[in-house]
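Counting along the sequence shown from 1, when you hit position 24 you're at 396 in my numbering, and nothing is skipped either side.
Every residue, glycine too, gets a C-beta built ideally from N, C-alpha and C.
Note that the structure is predicted; figures quoted are calculated from it, not measured.
Reading through the structure tokens given below for one structure.
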Amino acid sequence: MLQGTDGPYLRSGQVAEQAGVNPQTLRYYERRGLIAEPPRSPGGHRAYPPETVTLLGVIKAAQRLGFTLEEVAELIDTGRRGHPAPDLRARAQAKIAEVDARIADLTTIRSALTAVVSAGCDSLTHCTCPDCPLPFADLAEGRTPEEK
373 MLQGTDGPYL
383 RSGQVAEQAG
393 VNPQTLRYYE
403 RRGLIAEPPR
413 SPGGHRAYPP
423 ETVTLLGVIK
433 AAQRLGFTLE
443 EVAELIDTGR
453 RGHPAPDLRA
463 RAQAKIAEVD
473 ARIADLTTIR
483 SALTAVVSAG
493 CDSLTHCTCP
503 DCPLPFADLA
513 EGRTPEEK
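Next up, the structure:
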């Protein structure tokens, strides 16, 4: 740990290791404005305050909740200005709606795949199972589903 005039600092590798990211991610987050560019030590090394590790943990947790880096940056920026992020709740509600939509899509996909397995489909384009649930086989042969 480096010692600066106003306290201990961590080098890039130390921050990356403690936060569970690679050093390239650290620099990328700096370029995106998610974390502040750190001062340099007298030897030219980046000197991160220990709070950077916590901030990286917050960023990664927000990403796991489905927030994009752009959304995370906006929320962090709001917090840096000393204002609470009243839109965090609204954004979380929007993420819930996105998750619900994805769950509905995945449920539809699962139902279709279950029908394919149950019907014994063996090809997307030349399926020989009776009452094939896949519309692709007819389309590949130039027939519409109504002509089946």
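Looking at the DSSP output, R418 shares a beta bridge with R412. CA-CA distance, Q435 to Q396, rounds to 17 Å. Rounded to whole angstroms, the separation of the alpha carbons of E470 and A419 is 39 Å. Where I475 is concerned, the enclosing alpha helix (DSSP H) starts and stops at 459 to 491. Nearest to P380 by alpha-carbon distance, out of P410, A487, A391, R404, is P410.
Put simply, the backbone Cα of A466 is about 20 Å away from that of T479. For G405, the CB contacts under 7 Å within the same chain, skipping 5 residues up- and downstream, are A445 in chain order. At the C-beta level, V425 and A391 come within 8 Å of one another.
Classified as buried, I407 has 16 or more neighbouring CB atoms from the shown chains inside 10 Å of its CB.
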